[in-house]
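One structure is given below, encoded as structure tokens.
Residue numbers (my numbering): 184 to 465.
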């Protein structure tokens, strides 16, 4: 379900329409990071640097501090929240045309909202903040907001799994790259220097988690498997409550959104968002 709904949410950070809305607010869109930090952080309110560092975790503190709270000097969180809904509305109308008003979209929105409203938010600041927002009226926007709650619910749980594995922010990325999940170059935007990356690798080597070649050892792979299993387990609650049949129905209903996003080239098949493979239901 994560693979099916992540692109529904993540298109916000890549679509031309989203960059246009961000530029209209006054954000520099030469890089995607100013609008990314603004759009994603806005549900937390006028967050400061430390809160943003806690929520983002795998970004270098230096990168977070560069953008937060500076993003609120350009526009308020309330303005950003309105702009991101406008951006998603424009994006999906562009991608889907008249299909955006199809009955199947309304059905998908209802199922996704039911799943999103069932999540437990304890220890999940991003999920809770998005769930506190009022629901939009139009089904395609409800589907996007529900996908966002579910995505952030999983993401918050992933941070808990990393903490349980005693992987600090830098180590979380180095260990991920070390198992071949993504090239090191994919993480350049997170802001870690070569020296910081190497220091994290040395700490992992001291624990026997990576070898001299920088690749994960058997112990390192086992630890990453533990992180991913725990992430899945912590994310399973809404899908257990929704039930297998309705979850499968939602996956099928969401597939036109997913297909439209990738056909438009808005998201790479492998990205720093963690999308390794996408399976579109038959």
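Backbone N, C-alpha and C define an ideal beta-carbon position, used for all residues, glycine too.
Given the structure is predicted, the values throughout are model-derived calculations rather than measurements.
- With a 10 Å radius around the Cβ and a threshold of 16 neighbouring Cβ atoms, residue 245 comes out exposed.
- With fewer than three CB-CB distances shorter than 8 Å, the stretch 247 to 261 does not count as touching the stretch 412 to 427.
- Between residue 441 and residue 190, the beta carbon gap of about 5 Å places them in contact (Cβ cut-off 8 Å).
- Between the C-alpha atoms of residue 364 and residue 336 there is a straight-line separation of about 22 Å.
- With a cutoff of 8 Å on beta-carbon distance, residue 202 and residue 218 are scored as near each other.
- Here residue 291 is not near residue 424, since their CB atoms are 8 Å or more apart.
- Secondary structure note for residue 325: its alpha helix (DSSP H) is the uninterrupted segment 322 to 347.
- By the 16-neighbour rule on beta-carbons within 10 angstroms, residue 392 is buried.
- Between residue 387 and residue 358, the CB-CB gap stays under 8 Å.
- Pairing residue 339 with residue 372 gives a Cβ-Cβ distance that is not under 8 Å.
- C-alpha of residue 248 to C-alpha of residue 227: approximately 16 Å in a straight line.
- For the beta strand (DSSP E) assignment, the stretch 273 to 297 encloses no uninterrupted run of at least 3 residues.
- Under the criterion of beta carbons closer than 8 Å, residue 263 and residue 225 qualify as touching, at roughly 4 Å.
- Looking at 196, 252, 198, 409, the one whose alpha-carbon comes closest to that of residue 345 is 409.
- DSSP links residue 410 through a beta bridge to no other residue.
- Taking a 10 Å sphere around the C-beta of residue 401, we find fewer than 16 other C-beta atoms and assign the residue as exposed.
- In the assembly as shown, residue 233 is an exposed residue. Its beta-carbon has fewer than 16 other beta-carbons within 10 Å.
- For residue 393, DSSP records a beta bridge to 399.
- Where residue 236 is concerned, the enclosing alpha helix (DSSP H) starts and stops at 232 to 239.
- It is roughly 17 Å from the alpha-carbon of residue 342 to the alpha-carbon of residue 403.
- Here the alpha carbon of residue 405 sits roughly 44 Å from the alpha carbon of residue 282.
- No Cβ-Cβ contact shorter than 8 Å links residue 399 with residue 367.
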